[in-house]
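Residue numbers (my numbering): 63 to 292.
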Ligand code: HEC
């Protein structure tokens, strides 16, 4: 494993707009939207020039590594979308109801981003709630590394890692991970004291849930992204 490149400033606004518009486009196609809406979405999609153009726009900020720039930009977009969904769901019906929204929306957001970008975008953890998020060997090793960094007091931005590895079916794959630490808002569903209503919901949806007992600033998990490279 080689060490990460230096941390760079957040991705440009152009890039964020691109990812957002890619997502809208995929959603429009998926959701039987009216023809007018689809045409409008396609126009915006083409107009903004999408991911490829945006990768060029931020490449310089990542020491000339466009894969790293794209990974950071997608992670940023993924994190913001998840947080927005969580906040809206909590406001609407409290933690017990928000679980249903997380259950349905979190995988959906990851799939949308993956479809729009040709990357695989997911979350993982050493203690998962959704078994689909269980880490592979490479992810588990990086998570262990983040655990050590976090215990040593590292900032969130320092806990990222990238590497080019051999693909399962040949070829090479660029892999990237960025740590997710626990904030106060997370404790309702991942903390030590879980409300009875929340526990009931969790038990019914996730009978093998391991993702409780966290305290603030613990390593909760990580974003994990990968893409085939030539
Ligand atoms: C309303 C309850 C709720 C809150 C609050 C909440 N989560 Fe979750 N979290 C969930 C549910 C439900 C899942 C499983 C989603 C799925 O099925 O994909 C999950 C999954 C995750 C995962 C994916 C790994 C896994 O265990 O499957 C991470 C990482 C995560 N949450 C981090 C956080 C962080 C960080 C916060 C605070 C910013 C947070 N969560 C707040 C309910 C919540």
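Each residue gets a CB set at the ideal place from its N, CA and C atoms; glycine is no exception.
Pairwise C-alpha distance: residue j and residue i
i, j, result
"residue 260", "residue 247", "14 Å"
"residue 229", "residue 263", "38 Å"
"residue 245", "residue 219", "15 Å"
"residue 167", "residue 226", "30 Å"
"residue 138", "residue 184", "13 Å"
"residue 237", "residue 193", "21 Å"
"residue 286", "residue 156", "28 Å"
"residue 284", "residue 265", "23 Å"
"residue 8", "residue 252", "Because the chain spans 63 through 292 in this model, residue 8 falls outside it and cannot be assessed."
"residue 222", "residue 131", "13 Å"
"residue 135", "residue 280", "24 Å"
"residue 182", "residue 258", "35 Å"
"residue 158", "residue 254", "16 Å"
"residue 144", "residue 288", "19 Å"
"residue 198", "residue 129", "21 Å"
"residue 154", "residue 141", "20 Å"
Where residue i sits in the DSSP three-state scheme
i, result
"residue 73", "Reliability fails at residue 73, whose pLDDT of 35 lies under 50, so the model's placement of it is uncertain and no value is given."
"residue 230", "coil"
"residue 295", "Here the chain comprises residues numbered 63 to 292, so residue 295 is not present and cannot be evaluated."
"residue 117", "A caution first: residue 117 carries a pLDDT of 42, below 50, which makes its placement in the model too unreliable to give a value."
"residue 216", "coil"
"residue 128", "helix"
"residue 272", "coil"
"residue 137", "helix"
"residue 150", "helix"
"residue 278", "coil"
Which residues DSSP lists as bridging residue i, in chain order
i, result
"residue 221", "In DSSP, residue 221 forms no bridge with anything."
"residue 283", "242"
"residue 288", "182 and 237"
| task | Quick one: which unbroken beta strand (DSSP E) runs of 3-plus residues sit fully inside the region 152-201? Chain order, please. | result | Taking only runs of at least 3 residues, the beta strand (DSSP E) segments lying wholly in the region 152-201 are 182-186.
| Contact the region 142-161 vs the region 192-205: 3+ CB pairs below 8 Å | They do not touch, by the three-pair rule.
| said: Taking 8 Å as the cut-off, does the region 267-277 touch the region 169-181 (at least 3 CB pairs, one atom from each stretch)? | reply: no
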